[in-house]
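A.B. asks: Sharing a structure with you now.
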Amino acid sequence: MDYDVLVIGAGPAGYVAAIRCAQLGMKTACVDKWITPEGRSALGGTCLNVGCIPSKALLDSSHHFSDLQKHAKDHGISFENLNIDISTMQTRKAGVVMSLTKGIEMLFKKNKIKDLRGKARFVSANEVEITAHDGKQSVVSAKNIIIATGSVPIELPFLPFDHEYVVDSTGALSFDKVPPRLGIIGAGVIGLELGSVWSRLGSQVTVLEALPDFLATADRDIAKAAQKILVKQGLNIQLSTKVTAAKVENGAVTVTYQNSAGEQTAQFDKLVVAVGRKPNAQGLGEIGLQINAKGQIEVNDHCQTNIPNIYAIGDVVRGPMLAHKGSEEGIMVAERLAGQLTHVHFDTMPWVIYTTPEIAWVGQTEAELKEKNIPYKSGSFPFLAIGRARAQGMSDGMVKMLAHAETDRILGVHILGNNASELLAEAVFAMEMQASSEDLARTIHAHPTLSEAMHEAALAVDGRAIHM
Ligand code: FAD
Ligand code: AMP
């Protein structure tokens, strides 16, 4: 065998798995087929190239712009003309992406991981044929193989991407000017984040969502409060609105949709289809890998497929399509190959939506607890009563904590607020340690910090918040 482990895919699931395998002394190779629009091969997968990282780079640039526009004068800051040069913003984004993807190349070198580039296809359970970007083919063999081929955007059957007017998330990360009228199909994480970016830069953004509830998987209190804020910011969010057809003509897209008033149409300069992603399990060769009805590679709790030496992790298997979920699975598989009994705790998976304010949660929602008849206590605390949030001028939102009514164990924490993504880590750790709300209430939180809202929410579970 050429290698102990071959990883297919160098996204956050695959590259992390490869590094952990190498750390544990396995002779490791990783193969990836990614090609940038400039024709360069790159590591990092969706996350680094067209996902988590470039979206956050644009969210930051657009946040600076809109914050100056809306709040500079509150601080006594004035200027003649506020402009944003979209090309510089895009160049900055590309620089951030490039430095991070190059960083993975360095990590591979440092860990002596063989960095193979090209498209992989199984020829047997231990052998993979690699077609390099120049068309050359080779076969490598490995004792164990980890599939981490990720996911791709879903295309609506009646609305193919033309990549000019009808684009996927990748297209929406690359606009070279601000589209005056931007339509987005799908009010999920990606639709809301990209909608926020272009709305802050001046687009009139309409989000068309088929479901009646806004952010159906989030806690209702948080989702309702978030919806109000985003609408106030200028996002036109249309719920119970199912897009059924679209047509591109005269440089615009006319969308047909159904809502309670019947069939309607709307015109946009660009239309982003953000209706979810599908697992990328096709074209891997016919070796009898079990694929389920959702198109995911079927795996057990430890990410082992029906072929015992082949594992699958990340977006290509069940579970949420989140970068950190795939990375944790990668670490688990590597450690189990090394004989360690590692598990991934799916119950403490953090979720974040990087709007302003951010929406972040871990654990169960109030609706889920009710449905399962789990007795619970709830404590909420608004950022409006937190000194640091007031000083920052960003006091929208709250922390809501749910704890078991009898044991007091924390069952869920839901945050809407500035820096919710970072604040959430404390709640994830608390839940990982099976902490009670009392544990968090007894934990000293520095003043003045946003984290005091977590402390107060924990106190509020027992009806003893101090500043309310
Ligand atoms: P991917 O990152 O998709 O990587 C798969 C890799 O496999 C690719 O590099 C591909 O080239 C390679 N590959 C596929 N087939 C083959 C083959 N046959 N041979 C060789 N190589 C192959 N998640 C978060 O957690 N936080 C966020 O903020 C976030 N923001 C996002 C924003 C956007 C706009 C998008 C689109 C996604 C976002 N995600 C976010 C989701 C996140 O990007 C994915 O969950 C994550 O990238 C999945 O990791 P992965 O390693 O499973 O797959
Ligand atoms: P996510 O899966 O989080 O990326 O969100 C995708 C969203 O797109 C979901 O909330 C879907 O309900 C929504 N969606 C899917 N198809 C349509 C459609 N034809 N019209 C409007 N919304 C849709």
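To convert, note that position 330 of the sequence shown is 330 in this note's numbering; the numbers rise steadily by one, no gaps. Beta carbons are placed, not taken as given, at the ideal position from N, Cα and C, and that holds for glycine. None of these values were measured; they are calculated from a predicted model.
(1) Could you tell me the distance, in whole angstroms, from the CA atom of Gly330 to the CA atom of Gln69?
(2) By Cβ distance below 6 Å, which residues in the same chain neighbour Glu335 in space, the five residues on each side in sequence not counted?
(3) May I ask which residues mark the beginning and end of the beta strand (DSSP E) holding Ile130?
(4) Hey, is Leu423 close to the ligand GDP, as in C-beta under 7 Å from one of its heavy atoms?
(5) So, under 8 Å CB-CB, Leu271 and Val253 are touching, yes? Tell me the CB distance rounded to an integer number of Å.
(6) Just curious, the beta strand (DSSP E) that Asn83 is in, first and last residue?
(7) His71 and Arg200 - do their beta-carbons sit closer together than 8 Å?
(8) Looking at C-alpha atoms only, which residue of Asp301, Glu422, Val123 and Ala425 is the closest neighbour of Gln137?
(9) Among Val139, His75, Asp60 and Ser169, which has the Cα closest to the Cα of Asn49?
(10) Going along the chain, which residues of its own chain have a beta-carbon closer than 7 Å to the beta-carbon of Ile313, five neighbours each way excluded?
(11) Going by DSSP, what residue range makes up the beta strand (DSSP E) through Glu209?
(12) Sorry if obvious, but does the Cβ on Asn259 come closer than 7 Å to a heavy atom of the ligand FAD?
(13) Taking the C-alpha atoms as reference points, what is the distance between Gly44 and Glu452?
(14) Compare the Cα-Cα distances from Gly363 to each of Val352, Thr356 and Thr449 and report the closest residue.
(15) Pull the bridge partners of His163 from the DSSP assignment, please.
(16) Measure the beta-carbon distance from Asn376 to His404 and round it to whole angstroms, keeping in mind my assumption that it falls under 8 Å.
(17) To the nearest angstrom, how far is the alpha carbon of Ile53 from that of Val461?
(18) What are the complete alpha helix (DSSP H) segments, minimum 4 residues, inside the region 380-460?
(19) If distances are taken between C-alpha atoms only, which option among Ile190, Glu366, Leu411 and Ala281 comes closest to Glu438?
(20) Considering only residues of the region 228-275, which uninterrupted beta strand (DSSP E) runs meet the minimum length of 3 residues and lie entirely inside it, listed in chain order?
(21) According to DSSP, Pro153 sits in a beta bridge with which residue or residues?
(22) For Arg40, count neighbouring Cβ atoms within 10 angstroms of its own Cβ and tell me buried if that reaches 16, exposed if not.
(23) For a test of your reading of the model: does the CB of Gly195 fall under 7 Å from any non-hydrogen atom of the ligand AMP? Yes or no.
(24) So, with DSSP's three-state summary, where would you put Ser62?
(25) Does the ligand FAD have a heavy atom nearer than 7 Å to the CB of Leu107?
(26) Quick check on DSSP: helix, strand or coil for Phe175?
(27) Apart from the five residues on each side of it in sequence, which residues of its chain come closer than 6 Å, Cβ to Cβ, to Gly186?
(28) Classify Thr241 as buried or exposed, calling it buried when 16 or more other Cβ atoms lie within 10 Å of its own Cβ.
(29) In three-state DSSP terms, what is Arg181?
(30) Are Glu249 and Thr256 touching if we call contact CB-CB under 8 Å?
(31) In angstroms with no decimal places, state the Cα-to-Cα distance between Ala120 and Ile190.
(32) Rounded to the nearest angstrom, what separates Lys27 and Arg117 at their Cα positions?
(33) Got a sec? Which residues, its chain only, sit under 6 Å from Leu384 by beta carbon, not counting five neighbours each side?
(34) Thinking just about the alpha-carbon of each residue, which of Gly103, Thr36, Gln90 and Phe65 is nearest to the one in Ile19?
(35) Would you call the CB atoms of Ser141 and Asp2 closer than 8 Å?
(36) How would you label Gly25, buried or exposed, when you count the other beta carbons within 10 angstroms and need 16 or more for buried?
C.D. replies: The structure says:
(1) Going by C-alpha positions, Gly330 is about 43 Å away from Gln69.
(2) So the list reads Thr342, once near-sequence residues are dropped.
(3) Ile130 -> beta strand (DSSP E) spans Glu127 to Thr131.
(4) Within the structure as shown, the ligand GDP is missing, the only ligands being the ligand FAD and the ligand AMP.
(5) Approximately 4 Å separates the beta-carbon atoms of Leu271 and Val253; this is inside 8 Å, confirming the contact.
(6) No beta strand (DSSP E) holds Asn83; DSSP gives it neither H nor E.
(7) Between Arg200 and His71, the C-beta spacing is not below 8 Å.
(8) Taking only the C-alpha atoms, the option nearest Gln137 is Val123.
(9) Taking only the C-alpha atoms, the option nearest Asn49 is Ser169.
(10) Within its own chain, the residues whose Cβ lies closer than 7 Å to the Cβ of Ile313, once the five positions on either side in sequence are excluded, are Ala13, Ala17, Ile146, Ala148, Cys303, Gly326, Glu329, Gly330 and Val333, listed in chain order.
(11) No beta strand (DSSP E) contains Glu209, which DSSP labels as neither H nor E.
(12) No - the ligand FAD has no heavy atom lying nearer than 7 Å to the Cβ of Asn259.
(13) Answer to the nearest angstrom: the Cα atoms are 36 Å apart.
(14) Distances from the CA of Gly363 to each of Val352, Thr356 and Thr449 were compared; the closest alpha carbon is that of Val352.
(15) Beta-bridge analysis with DSSP links His163 to no other residue.
(16) The identity of residue 376 in the sequence shown is Tyr, whereas the question assumes Asn. About 6 Å; that satisfies the 8 Å criterion.
(17) Cα to Cα, Ile53 sits roughly 36 Å from Val461.
(18) You should have 387-392, 420-432 and 437-441.
(19) The shortest C-alpha separation from Glu438 is found at Leu411.
(20) Annotation note: the region 228-275 contains the following uninterrupted beta strand (DSSP E) runs of length 3 or greater, listed N- to C-terminal: 236-238, 242-249, 252-259, 262-268 and 270-273.
(21) BP columns for Pro153 point to Arg277.
(22) The residue in question, Arg40, is exposed, as its Cβ has fewer than 16 Cβ neighbours within 10 Å.
(23) Distances between the C-beta of Gly195 and the heavy atoms of the ligand AMP are all 7 Å or more.
(24) In the structure shown, Ser62 falls within a helical segment according to DSSP collapsed to helix, strand and coil.
(25) No; taking the cut-off as 7 Å, the Cβ of Leu107 has no heavy atom of the ligand FAD nearer than that.
(26) Phe175 falls in the coil class under three-state DSSP.
(27) Listed in chain order, the non-local C-beta contacts of Gly186 below 6 Å within the same chain comprise Ala274 and Val275, local neighbours out to five positions each way being set aside.
(28) Counting Cβ neighbours within 10 Å, Thr241 comes out buried, since at least 16 surround it.
(29) Residue state, collapsed to three classes: strand.
(30) Contact flag unset, no.
(31) Cα to Cα, Ala120 sits roughly 28 Å from Ile190.
(32) CA-to-CA, the gap between Lys27 and Arg117 works out to about 17 Å.
(33) Here the set comprises Ser395.
(34) Looking from the CA of Ile19, the closest CA among Gly103, Thr36, Gln90 and Phe65 belongs to Gly103.
(35) The answer is yes: Cβ separation under 8 Å.
(36) When all chains shown are included, Gly25 counts as exposed.
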